[in-house]
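Peer 1:
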Amino acid sequence: PTSSRSRQPRIQFNTKNEANVVLGILENRARNMGKEMNRVQKVEKALDRLNKSIEDQREKLHERVRAAEEEMNGRLGLDPELRWSEVRRMKWGAEL
1 PTSSRSRQPR
11 IQFNTKNEAN
21 VVLGILENRA
31 RNMGKEMNRV
41 QKVEKALDRL
51 NKSIEDQREK
61 LHERVRAAEE
71 EMNGRLGLDP
81 ELRWSEVRRM
91 KWGAEL
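Residue numbers (the numbering used here): 1 to 96.
(1) To the nearest angstrom, how far is the alpha carbon of ALA19 from that of GLU59?
(2) Can you give the Cα-Cα distance for ASN51 and ASN38, rounded to whole angstroms?
(3) May I ask you to report which of helix, strand or coil DSSP gives GLN57?
(4) Would MET72 pass as an interface residue toward chain C - the criterion being a Cβ-Cβ separation below 7 angstroms?
(5) Cutting at 8 angstroms between CB atoms, please list the residues of its own chain near GLU44, excluding the five before and the five after it.
(6) Which parts of the stretch 19–45 are runs of the beta strand (DSSP E), unbroken and 3 residues or longer, counting only runs that do not cross its ends?
(7) Would you kindly work out how many angstroms separate the C-alpha atoms of GLU69 and ASP56, rounded to a whole number?
Shown next, in the form of structure tokens:
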């Protein structure tokens, strides 16, 4: 019965020098792949740091918006839990 897995092709070299040349090429490729992996990992770490920084800035902005809304509502004498839709309704009501 034949195996379902295909056999690996056998590579034959005519001389030891040919084998050494191919071995050198493969070693260089392996070394380059390792360097490339290191570069990819560095870029991934940089992206993680950037994402964290963006999230932190987003949270700070949300906090500033919330504080500004509280201050605005306080100055207008509105309920601190008032939502923007209610503020708009009150504004339109005042203009009518």
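All C-beta atoms in this analysis are idealised placements derived from N, C-alpha and C, irrespective of residue type, glycine included.
Since the structure is predicted, the reported quantities are computational estimates derived from the model, not experimental observations.
Peer 2: Considering the structure as presented:
(1) If I take the Cα positions, the gap works out to 60 angstroms.
(2) The alpha-carbon atoms of ASN51 and ASN38 are separated by roughly 20 angstroms.
(3) DSSP places GLN57 in helix when its eight states are reduced to three.
(4) Any reference to chain C falls outside this structure, which holds one protein chain only.
(5) Closer than 8 angstroms at the Cβ level, and outside the excluded window around GLU44, lies no residue.
(6) Qualifying beta strand (DSSP E) stretches: none in this window.
(7) Each residue's Cα considered, the two are about 20 angstroms apart.
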